[in-house]
Every structure is written in C-alpha cells, then in structure tokens.
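In structure tokens form, the structure reads like this:
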C-alpha cells in the first residue's frame, strides 16, 4: 500500500516559536493533501486541504495566518504552526490522496505530537 | 454542513463476542471510510464503501453501506484483544476527497 510519512513524530517547543511539520507521500504522487488535528480523546478535525502549487483551502474557524501550509511538490506538504501557544498542543495528522482504479484513496501519516510549553 | 454520528461512543466487549459499530450521515455519502486508530498513533485504513448496498470484509471485520448511502455499520466477529482501539468512520460527500470524521468509538476487549 501507499506510504505517507510525517516528520517530526514528536516536537516540544517554547511558546512563541514556530514549528514546521512535514508530510510526504513516499511512493506515489498525491493530488491533494489534507491536514487534521486531534485533541485528546476526540476525533480528527479537518484543518485544511492542500493542492500542489496553489493556496490551501482552510476550514471554517482555522486561522490561515496561524497555520501556514505550503505544498511545494506532489509529494510534500508542510504545516507551520506560527507563534505557537500551549493551546496549539495537539496531535497533527496529514493525509495524501491519489486516484487508483477510478477511485480516490486517502492514506494517512503516523501523526506529529506537538507540545507547546 | 455534513455531520456524522457514531454509536456507541464506547464499547466494552468480552473476548470472543461479536460487536457492531454504527455510523450515520445527515447527507448522502459519496464514500464512507472506516479507520482504526490506537490513541496517539496514525490511522489504519480498514475499508472504503462507495456503492449503495455494498459490503466488504477483511479478516473478521465486515462493513456495510445501506442502499440510501447514509448509514454504515462495522461488524467484528469473535473479537480479539488486537481489535481494541478507536474506530473512526469518515465520509466524503463529493469528489473533492475531503473526509469528515465521526467522533469515534472506543472499543475495549476484555480477556
């Protein structure tokens, strides 16, 4: 199956700093990548949809200036949490989409745990 | 907006017993996904259903999508400790691939 990686898997940073999370599709080109966040004991919440070479589409309530998304290639999307605060501490998961056999398939990364002190 | 209701929220089952998790959408679905997650880890893809009345099985897990494409069930037969985790249903309501998730069902298996 297709593999999606995320880096780093864990990051701890000080309040006010920025953190970049990478999402890579390792063995396929992803038409679209998605970013989710998950609070403890809650479901995944879609933050934004990212297409290569264009601006990301953010879900309602997600600050685009706070969560910068760059989709530089068909295999890499990055999420930068700017001026991070403790309330940004969460589990961030990306997914990458591809079309196979006429169906859209979506593969998820292992997630990045962000802790802001 | 699209809403997915999962039930039950939590489930405790004796090992060897069967169980069912339900997922109901407020809108007709383009696709319905089932994932499993160990807390703090990534998602494991289980199955995707797209056609009304479709049913798929993988090992001891069977998922069905109703004819109206608004309700899905995930059935586990003869549950094992390895089945424990959080089960999430995700729905795509059109072809833009965006998946919205339900709140999940926490499954505990008692030995």
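Chains as they are written, first to last, in the working numbering: chain W, 20 to 136; chain H, -16 to 94. For each residue, glycine too, the CB sits at the ideal point set by N, CA and C. Predicted model only: the values in this text are computed from it and were never measured.
Using the rule of at least 16 other Cβ atoms within 10 Å of the residue's Cβ for burial, across every protein chain shown, is residue 75 of chain W buried or exposed?
buried
Selection of the region 43 to 73 of chain W by Cβ proximity to chain H, strictly under 9 Å | 50, 51, 53, 55, 57, 59, 60, 61, 62, 63, 64, 65, 68
- Item | Supposed close pair residue 56 of chain W, residue 111 of chain W - CB separation, criterion 8 Å | 5 Å
Subject >> Paired residues, beta bridge with residue 126 of chain W - DSSP >> reply: W/115
Tell me which residues of the region 124 to 136 of chain W have at least one Cβ-Cβ distance to chain H shorter than 9 Å, keeping chain order.
124, 125, 126, 127, 128, 129, 130, 132
What are the residues of the region 100 to 115 of chain W that lie near chain H, defined by any Cβ-Cβ distance shorter than 9 Å?
110, 112, 114
> Measuring CB to CB, does residue -6 of chain H end up less than 8 Å from residue 8 of chain H?
Replying inline: no
Quiz item: From residue 52 of chain H to residue 91 of chain H, what distance separates their C-alpha atoms?
Solution: 28 Å
Which value, in whole angstroms, describes the spacing of the CA atoms of residue 24 of chain H and residue 71 of chain H?
13 Å
Discussion item. Within 10 Å of its beta-carbon, does residue 118 of chain W have 16 or more other beta-carbons around it, so buried, or fewer, so exposed?
Written reply: exposed
Alpha carbon to alpha carbon, what distance is there between residue -8 of chain H and residue 88 of chain H?
5 Å
Indicate whether at least one CB of chain W lies closer than 8 Å to the CB of residue 85 of chain H. yes
Practice task
Starting from residue -1 of chain H, find everything on chain W with Cβ-Cβ shorter than 8 Å and list it in chain order.
Solution key: Those do not exist, as residue -1 of chain H stays about 27 Å from chain W at its closest Cβ, beyond 8 Å.
> Should the region 84 to 100 of chain W be regarded as contacting the region 47 to 67 of chain W, the criterion being three or more beta carbon pairs within less than 8 Å?
Replying inline: yes
Which residue marks the beginning of the beta strand (DSSP E) containing residue 38 of chain H, and which one marks its end?
38 to 41
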